[in-house]
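Structure first, then comments.
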Amino acid sequence: MSTYVYGITASSHPALPEDMGGVGEPPMPVRVLKEGDLAAIVSDAPENLRPKRKDLLAHQNVLAEAGAAGCVLPMRFGSVAPDDKSVTGVLAERAEHYAERLRALDGKVEYNVKATHVEEAVLHQVMAESPELRALAEANRQAGGGTYEQRLQLGEMVAATVKAREAQDATEIQQALEPLAAAVSVGPESTGWLANVSFLVARDTAGDFIAAAEGLRENRPYLDVRVNGPLPPYSFVEPGPAQPAGTVGEAAGAGE
0 MSTYVYGITA SSHPALPEDM GGVGEPPMPV RVLKEGDLAA IVSDAPENLR
50 PKRKDLLAHQ NVLAEAGAAG CVLPMRFGSV APDDKSVTGV LAERAEHYAE
100 RLRALDGKVE YNVKATHVEE AVLHQVMAES PELRALAEAN RQAGGGTYEQ
150 RLQLGEMVAA TVKAREAQDA TEIQQALEPL AAAVSVGPES TGWLANVSFL
200 VARDTAGDFI AAAEGLRENR PYLDVRVNGP LPPYSFVEPG PAQPAGTVGE
250 AAGAGE
């Protein structure tokens, strides 16, 4: 049977609860495979695994339980290896890399920050900041709304200004929070978000990071800033010993 991989730890990591269940129906018993100074948290892989809410939560719960006792390199949902031997083989092959990652990520968690504009508020903001836009809007108003071409020109100028503002705000968000993080990972662009950035933060300074993120929201009411965390440091771990099973491998991850 294939082996489902939740994460990688040190072999000295405290034991997990004996009755802990993972993905699958019924939940597959979670166990630990050790190889030298490393260990992989695994279970048997259920057939036809799909990213259903129950299994996504089971994956997260295993990582949360393990992470509460020490550093874990989390694998993304759906990470499956052909068998136990394949897992321990890669642990041995990449021992130096995994040991370095465990040291680097010890005592740290991930916070994912996403931001978008509050549409009406950002329109007011760009109009207030641009004399040119205000003058054109006023000219159209005095002309009874302006011609179609004038209205189109104003709309295109506003859209371009908002687009430029998105890039500016994304940069400012990252610059404001980066000094409070040990590392930064910029996520893929996605529709609706002007920023999608993950930060690696020391647990004992997480309060400062959250306060800084809340400050961004308070000082820029035209921004909707959302902070998700603390999370396992998904964005700061290279893909581990498992290969995706079909189309499941990237179904879930940090901040999605």
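Positions 0 to 255 (numbering that gives the first Met the number 0) are the ones given, in order, by the sequence shown.
No residue lacks a Cβ here, since even glycine has one placed at the ideal position from N, Cα and C.
Since this is a predicted model, take the numbers as computed values, not measurements.
(request) Starting from the Cα of Met74, find the closest Cα among Asn218, Ala39 and Ala134 and give me that residue. (result) Ala39
(request) Pick out whichever of Val4, Leu15, Ala65 and Val157 has its Cα sitting closest to the Cα of Leu230. (result) Ala65
(message) Once DSSP output is grouped into helix, strand and coil, what is the label at Ala127?
(response) helix
(message) What does the alpha-carbon distance come out to for the pair Gly20 and Pro28?
(response) 5 Å
(message) My output table needs one value for Gly245: the three-state DSSP class, helix, strand or coil.
(response) Note that Gly245 has pLDDT 33, beneath the 50 cutoff, so the model's placement of it is unreliable and the number below is only indicative. Gly245 falls in the coil class under three-state DSSP.
(request) May I ask you to verify whether the stretch 72-90 touches the stretch 114-129, counting CB pairs closer than 8 Å and requiring at least 3? (result) no
(request) Excluding the 5 residues preceding and the 5 following Asp207 in the sequence, name in chain order all residues of the same chain whose CB lies nearer than 8 Å to its CB. (result) Leu179
(request) If I'm right that Gly228 touches Asn111 with Cβ under 8 Å, what's the distance once you round it to whole angstroms? (result) 6 Å
(message) For Gln152 and His123, what's the separation of their Cα atoms in angstroms?
(response) 18 Å
(message) For Val161, tell me which candidate among Arg216, Thr204, Leu193 and Gly69 has the shortest Cα-Cα distance.
(response) Leu193
(request) Determine which residues share a DSSP beta bridge with Arg225 and list them. (result) Lys113
(request) Mark Ala250 as exposed unless 16 or more other C-beta atoms lie within 10 angstroms of its C-beta, in which case mark it buried. (result) Low per-residue confidence applies at Ala250: pLDDT is 29, beneath 50, and the placement is therefore not dependable, though the value from the model is reported in the following sentence. Its Cβ being crowded by 16 or more others within 10 Å, Ala250 is buried.
(message) In the DSSP output, which residue or residues are listed as bridge partners for Asn195?
(response) Lys113
(request) Find out if the Cβ-Cβ distance for the pair Ser1, Asp82 is shorter than 8 Å. (result) yes
(request) Specify, as a first and last residue, the run of the alpha helix (DSSP H) that Val86 falls within. (result) Asp83 to Glu92
(message) Just to confirm the assignment: which complete alpha helix (DSSP H) runs, minimum length 4, are found wholly within the stretch 1-78?
(response) 52-66
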